[in-house]
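Notes follow the structure.
Take a look at the structure:
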């Protein structure tokens, strides 16, 4: 009954979903492309090779899963690699990371007919969902077709667990449909079990296995050397945070350059009036420029290498924060806001290791960041602590791969259904 009601609500929302896609396509044209795929309709036929399917909803999940995707492809060269996503930036990132080695498509919306057409078209023998992407109709259909589904890099905050707990008739069957859930930490594992996941293994965080792009890092270091000024990075900022953080800057330091990199590309033009120069136009900041807009995709390794200190966005509003591991891996001291529940375990580890500081609000965060800019010894110690932290927690890819191998072997020795 719960799933039928859920499907009814989805059907009622269909016109608004289409309007939202079209509206978002004003700033990100990718949302207006391949729209038939959103409903399980495809223009091209595909071959007979079985598919290994990985779903990464957006940019962060696409980057986190990249080492595992490459390892799966290397192990199973006879399989088609199918990668799905939900956002335009995520699709662009998947193409950037994997090129022509994989088929990239939208995951259809969770309508039973769309899901059925998707599965019949691609005929996956195994599916991997990255982090928290659970769709009731999709998981039910995969169960009917005998497709084992693995939740990779699973995280479950207390807030998300409470939300799922409010709809047990919908959530519990979805979690129970997973053949296996790979949790980032034991608290994540406990919450996944409580929500109905039958088999849960703690495998660590895939984000620790993502190696920085050396060429982008070298470019970032050269850029910073040419600037010749202290650089403070506001990384992956969300709505409302840019003005809040910039407004909390000490007024006296006119030498400081603040680089702002919004989390979503659709907001680049919105933030542009706050900056005096921007990277997408090939501009270098002038000596009098105070704010520089990082409005390019796929260049966080460049921005972290160019920075002396990084303030992590998404943490000054109740949004749960953005990925701090990339900054730690680059050896950049990290300052966090109070809301980091989406990265609770990584935050705990970084604070304990001395790689990060956490502030109660934007004013305190900017005070801590500017104090670090004036303290080269503390910056060096925090940067080294971040590198060591990432090195100590690598290995999640291999642990995931062993469990994927187990499920794929079981699936491929049984006849396909459907």
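Residue numbers (our numbering): 525 to 942. Quick reminder that beta carbons are idealized off the backbone N, C-alpha and C, glycines included. Note that this is a predicted model, so its numbers are computed, not measured.
Three-way DSSP call (helix, strand, coil) for residue i in this model
i, result
"residue 823", "coil"
"residue 593", "helix"
"residue 673", "strand"
"residue 856", "coil"
"residue 659", "coil"
"residue 564", "coil"
"residue 646", "helix"
"residue 725", "strand"
"residue 576", "strand"
"residue 614", "helix"
"residue 765", "helix"
"residue 791", "helix"
"residue 608", "strand"
"residue 550", "coil"
"residue 633", "coil"
"residue 692", "helix"
"residue 603", "coil"
"residue 802", "strand"
Assigned exposure category for residue i - 16 Cβ within 10 Å defines buried
i, result
"residue 525", "exposed"
"residue 942", "The pLDDT assigned to residue 942 is 47, lower than 50, so where the model puts this residue is not dependable; a value taken from the coordinates is nonetheless given after this. Exposed: under 16 other Cβ atoms inside 10 Å."
"residue 826", "buried"
"residue 642", "buried"
"residue 793", "exposed"
"residue 651", "buried"
"residue 749", "exposed"
"residue 819", "buried"
"residue 668", "exposed"
"residue 536", "exposed"
"residue 578", "buried"
"residue 871", "buried"
"residue 564", "buried"
"residue 811", "exposed"
Beta-carbon gap between residue i and residue j smaller than 7 Å
i, j, result
"residue 835", "residue 893", "yes"
"residue 841", "residue 762", "yes"
"residue 858", "residue 873", "no"
"residue 796", "residue 817", "yes"
"residue 833", "residue 925", "no"
"residue 554", "residue 615", "yes"
"residue 631", "residue 530", "no"
"residue 713", "residue 726", "yes"
"residue 815", "residue 799", "yes"
"residue 612", "residue 552", "yes"
"residue 702", "residue 730", "no"
"residue 568", "residue 629", "no"
"residue 707", "residue 744", "no"
"residue 801", "residue 809", "yes"
"residue 583", "residue 617", "yes"
"residue 597", "residue 605", "yes"
Same chain, Cβ closer than 6 Å to residue i, five either side skipped, listed in chain order
i, result
"residue 696", "720"
"residue 661", "634, 636 and 639"
"residue 822", "620"
"residue 580", "586, 589, 609 and 654"
"residue 851", "828, 834 and 858"
"residue 566", "645"
Spatial neighbours of residue i in its chain, beta-carbon cut-off 7 Å, leaving aside the 5 residues before and after
i, result
"residue 603", "573, 574, 575 and 576"
"residue 875", "882"
"residue 732", "849, 914, 917, 918 and 920"
"residue 625", "597 and 605"
"residue 906", "857, 878 and 879"
"residue 688", "695 and 719"
C-beta neighbour in chain C for residue i, strict 7 Å
i, result
"residue 583", "You won't find chain C in this structure, because it holds only one protein chain."
For residue i, the nearest candidate out of the options (CA to CA)
i, options, result
"residue 844", "809, 684 and 830", "684"
"residue 768", "667, 886 and 666", "886"
"residue 735", "597, 919 and 811", "919"
"residue 903", "921, 879 and 889", "879"
"residue 831", "666, 707 and 741", "741"
"residue 666", "549, 688, 700 and 911", "700"
"residue 595", "716, 569 and 622", "622"
"residue 869", "716, 689, 898 and 710", "710"
"residue 854", "556, 737 and 565", "737"
"residue 528", "606, 788, 557 and 664", "664"
"residue 774", "558, 567 and 891", "891"
"residue 542", "559, 532, 550 and 533", "559"
"residue 724", "927, 933 and 934", "927"
"residue 866", "682, 671 and 933", "682"
"residue 716", "680, 746 and 687", "680"
"residue 627", "570, 935 and 644", "570"
Sequence-distant residues of the same chain with beta carbon closer than 8 Å to residue i, five excluded per side
i, result
"residue 766", "758, 784, 786, 795 and 798"
"residue 863", "838, 839, 840, 841, 842, 843, 844 and 845"
"residue 910", "851, 852, 853, 854, 855, 856, 857, 858, 874, 877, 879 and 880"
"residue 931", "650, 672, 674, 703 and 704"
"residue 746", "none"
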